[in-house]
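FYI, in the numbering used here the residues of the sequence shown are 1 to 494.
Beta carbons are placed, not taken as given, at the ideal position from N, Cα and C, and that holds for glycine.
None of these values were measured; they are calculated from a predicted model.
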Amino acid sequence: MLHENALNSFEFWRLAVHRLALTTALLLVVAFGGWAQGNRKPAPASDRFYSEEQAKRGKDQYKQNCGKCHMDNLRGVGSAPPLVGDEFLKRWHSVGDLFSKTSMSMPGDNVHGLRTDTYVDIVAYLLQANGLPAGREGLPNDGSAMKRMVLISKGSAQPSNGKNFTGTKSSNDVADGFYSAEQAERGKAFFAGACSLCHTAERNEPLQMDPASGRGMWGGSRRYLLPLASDAIAEKYHSVGGLFNKIRTTMPAYDAGGLSPEEYVDIVAYLLRANGLPSGKKDLPNDSSAMKNMTLEKGFEGLFNGKDFTGFGFLLGNNCAPRPSGCGQTEPGSTFRIEKGTIVCSGKPQGYMYTGKSYLNFTLRLEYRYQRQEGMESDEDFYGNSGYLLFIRKHQVWPKMIEIQGRNSAVLSVIAGDSKAIYTVDDEARKKALKPVGQWNTVEIVSKDGQVRSSLNGTLLSTISEHEFKEPGQIGFQSEGAEIHWRNIRIRDE
């Protein structure tokens with residue numbers, strides 16, 4: 001059973017990094033990739049990242065500051081790991097990631113205590129020792145430039161040929177998985193290099209560590225690992241985007257936010273695999289907006305894939321039924337569009353976007369925000385309107401249904417229209433729960449056994465205790481006069 005403190009100790013990283021600064025070389029056991037003992041094998045490279053003179057200086061500095069633990073031959077001894085071989089190079093996406101680890105956690109008895117140019121020279125020597133050829137120019141003292149010097153190429157967990165990967169990746173369909181198997185393998189190696197001193201993604205690995213192992217967070221006399229493969233992960237981070245933002249802004253403890261974007265994305269792919277999410281054909285994209293639409297909640301299906309309107313239909317036009325029998329447009333037109341993984345509705349003309357599938361018992365979750373308008377002195381000046389149309393059986397503007405109101409001043413109240421419903425609304429609770437116009441709000445609508453409960457930012461606002469709908473119907477997202485944004489739309493069919 002996972003230790004309760006460990007499950008909730010992600011924010012302990014910041015405190016622990018100060019304690020880690022007091023560690024000895026024993027705590028470097030995984031600083032450069034665990035216990036890898038692979039044979040040294042030169043890695044081909046077409047880009048020459050450092051100069052011979054620089055590597056020579058770095059060798060001298062390495063012997064003075066690092067050799068007593070990792071040995072002059074870089075093969076390590078005891079708990080100090082080897083710093084040569086394919087297993088070593090696999091742990092860094094770029095030269096910048098290797099530099100981050102070296103400069104922020106080395107040497108063990110003087111963490112981050114050397115001059116920056118000394119660390120740069122030591123990294124140059126490590127590149128030379130691992131078979132990367134020298135060039136005419138020295139490795140620059142420029143973290144951004146070093147992050148563009150790729151050691152591990154896309155689609156491989158093997159050392160790169162040195163060419164920089166700059167291609168873009170598209171979002172994944174939910175059914176296809178959020179990441180590729182190859183990406184997860186890269187991420188596993190990166191995790192070992194950057195994260196495994198303090199964390200584990202293996203469910204069966206002990207959390208209590210022997211100090212002699214060199215691993216684990218310091219907590220008084222205790223040494224323990226923080227688990228990143230557990231049910232608590234999905235409960236804490238509802239989407240891949242939430243997990244990604246946590247990882248990329250707070251990890252690793254020695255240099256929070258200091259790794260290359262590609263390394264962070266691949267680490268998240270590995271954590272998704274470690275938490276039981278299946279792989280797909282495409283890599284997880286380096287796109288936080290798209291990742292926001294990838295749900296981690298068990299039993300939920302993403303209705304919006306972050307890139308197109310697959311799975312949705314449209315009806316637009318006041319007092320219209322769908323063409324050709326009616327006057328309504330059935331394409332998104334200029335009313336609905338996608339920007340950075342978010343559905344943007346202009347609010348005009350009136351109409352709605354609707355699900356392809358019908359639902360009766362379900363839990364719908366989403367995030368929304370309105371576009372704040374110029375000239376507003378307060379939220380009382382904002383009259384933006386939208387809504388969520390439940391149990392649609394026949395399409396027209398407007399259909400027979402129950403509307404869970406989206407109007408800002410009355411959000412999640414109930415409009416029964418020409419249907420029958422008994423309901424209550426808590427207006428006072430809304431005043432406390434509603435965020436200012438322009439900020440994201442969360443909505444949950446639960447329909448079960450003839451009742452509908454709607455919550456805003458975790459606060460129950462309305463309850464329909466009885467209604468007349470007995471058959472599944474489609475769910476509509478309303479265009480009604482104001483620009484509104486939606487993201488992370490997901491549903492659990494019950």
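Span of the beta strand (DSSP E) around residue i
{"i": "glycine 351", "result": "351 to 355"}
{"i": "asparagine 65", "result": "Where asparagine 65 is concerned, there is no enclosing beta strand (DSSP E), although the alpha helix (DSSP H) it sits in stretches over 52 to 65."}
{"i": "lysine 448", "result": "441 to 448"}
{"i": "glycine 96", "result": "Taken as a continuous stretch (DSSP letters only), glycine 96 belongs to no beta strand (DSSP E), being part of the alpha helix (DSSP H) at 95 to 105."}
{"i": "glutamate 500", "result": "Because residue 500 is not part of the residues shown, which for the chain are 1 to 494, the question remains open."}
{"i": "asparagine 245", "result": "Per DSSP, asparagine 245 belongs to no beta strand (DSSP E); it is in the alpha helix (DSSP H), 240 to 250."}
{"i": "methionine 217", "result": "217 to 219"}
{"i": "tyrosine 388", "result": "387 to 392"}
{"i": "glutamine 396", "result": "Careful: glutamine 396 lies outside any beta strand (DSSP E) and carries neither H nor E."}
{"i": "serine 455", "result": "451 to 456"}
{"i": "arginine 337", "result": "336 to 339"}
Cut-off 8 Å between Cβ atoms - residues of its own chain near residue i, not counting five sequence neighbours on either side
{"i": "glutamine 439", "result": "Arg369"}
{"i": "isoleucine 402", "result": "Leu389, Leu390, Phe391, Val414, Ile415, Ala416, Gly417, Ser419, Ala421, Val452, Ile464, His467, Phe469"}
{"i": "aspartate 210", "result": "Arg223"}
Local Cβ density within 10 Å of residue i, reported as buried at 16 or more and exposed below that
{"i": "proline 436", "result": "exposed"}
{"i": "asparagine 293", "result": "buried"}
{"i": "glutamate 262", "result": "buried"}
{"i": "proline 81", "result": "buried"}
{"i": "aspartate 60", "result": "exposed"}
{"i": "proline 227", "result": "buried"}
{"i": "glutamine 208", "result": "exposed"}
{"i": "tyrosine 383", "result": "exposed"}
{"i": "methionine 251", "result": "buried"}
{"i": "serine 144", "result": "exposed"}
{"i": "threonine 200", "result": "buried"}
{"i": "alanine 482", "result": "buried"}
{"i": "arginine 393", "result": "exposed"}
{"i": "threonine 102", "result": "buried"}
{"i": "aspartate 72", "result": "exposed"}
{"i": "proline 107", "result": "buried"}
{"i": "asparagine 204", "result": "exposed"}
{"i": "asparagine 275", "result": "buried"}
{"i": "alanine 212", "result": "exposed"}
{"i": "asparagine 305", "result": "buried"}
{"i": "alanine 181", "result": "exposed"}
{"i": "aspartate 449", "result": "exposed"}
{"i": "serine 566", "result": "Because the chain spans 1 through 494 in this model, residue 566 falls outside it and cannot be assessed."}
Nearest-angstrom beta carbon gap, residue j and residue i [assumed within contact, 8 Å]
{"i": "serine 479", "j": "tyrosine 388", "result": "Actually they do not touch by this definition, with Cβ atoms about 12 Å apart."}
{"i": "valine 443", "j": "arginine 372", "result": "Not really, about 19 Å apart at Cβ, beyond 8 Å."}
{"i": "isoleucine 484", "j": "serine 386", "result": "5 Å"}
{"i": "leucine 315", "j": "proline 322", "result": "6 Å"}
{"i": "histidine 70", "j": "glycine 76", "result": "5 Å"}
{"i": "glycine 257", "j": "threonine 249", "result": "5 Å"}
Enclosing alpha helix (DSSP H) for residue i [first to last residue]
{"i": "lysine 236", "result": "231 to 236"}
{"i": "threonine 144", "result": "According to the sequence provided, residue 144 is serine. The question's threonine does not apply to it. That run of the alpha helix (DSSP H) goes 143 to 147."}
{"i": "phenylalanine 190", "result": "181 to 194"}
{"i": "serine 288", "result": "288 to 291"}
6 Å Cβ shell around residue i - same chain, five flanking residues per side excluded
{"i": "aspartate 320", "result": "Checking the sequence shown, residue 320 turns out to be cysteine, not aspartate. Same-chain partners within the cutoff: Gly326, Cys327, Gly328, Val397."}
{"i": "serine 358", "result": "Pro472, Gly473, Gln474"}
{"i": "glycine 291", "result": "One point to set straight first is that residue 291 is methionine, not glycine, in the sequence displayed. Excluding residues within five positions, the ones whose Cβ falls inside 6 Å are Val240, Gly241, Phe244."}
{"i": "glutamate 297", "result": "His238"}
{"i": "glutamate 367", "result": "Trp440, Thr442, Arg487, Asn488"}
{"i": "glycine 58", "result": "Asp121, Ile122, Ala124, Tyr125"}
{"i": "leucine 26", "result": "Confidence at leucine 26 is low in this model, with a pLDDT of 37, below 50, so the placement of that residue should be treated as unreliable; the coordinate-derived value is given next. So the list reads Ser79, Gly214, once near-sequence residues are dropped."}
{"i": "serine 409", "result": "none"}
{"i": "alanine 229", "result": "Ala201, Arg203, Ala274, Asn275"}
Proximity test, Cβ basis, 8 Å: residue i and chain D
{"i": "serine 230", "result": "Absent from the structure is chain D; it holds one protein chain and no more."}
Residues bridged to residue i [DSSP beta-bridge criterion]
{"i": "valine 425", "result": "Ser462"}
{"i": "leucine 126", "result": "Beta-bridge pairing links leucine 126 to no other residue."}
{"i": "leucine 316", "result": "Gln329, Gly351"}
{"i": "alanine 80", "result": "Val77"}
{"i": "proline 472", "result": "None; proline 472 has no bridge partner."}
{"i": "valine 265", "result": "The partner list for valine 265 (beta bridge, DSSP) is empty, contrary to what the question assumes."}
{"i": "glycine 375", "result": "DSSP output for glycine 375 lists no bridge partner at all."}
{"i": "aspartate 418", "result": "Partner(s): none; aspartate 418 has no beta bridge."}
{"i": "histidine 199", "result": "Leu226"}
{"i": "glutamate 301", "result": "Ile491"}
{"i": "arginine 365", "result": "Glu444, Arg490"}
{"i": "proline 211", "result": "DSSP, once it has assigned bridges, lists no residue as partnering proline 211."}
{"i": "glutamine 405", "result": "Gly387"}
{"i": "proline 322", "result": "Gly328"}
{"i": "histidine 70", "result": "In DSSP, histidine 70 forms no bridge with anything."}
Cβ neighbours of residue i in the same chain (closer than 7 Å, five flanking residues each side left out)
{"i": "aspartate 493", "result": "Tyr359, Phe362"}
{"i": "isoleucine 183", "result": "Per the sequence shown, residue 183 should be read as glutamine rather than isoleucine. Within the same chain, glutamine 183 has close Cβ partners Asp266, Ala269, Asp283, Leu284."}
{"i": "arginine 136", "result": "Ser51"}
{"i": "glutamine 54", "result": "Asp121, Ala124, Gly138, Leu139"}
Residue i CB to nearest heavy atom of the ligand COA below 7 Å
{"i": "leucine 271", "result": "The model depicted lacks the ligand COA and carries no ligand whatsoever."}
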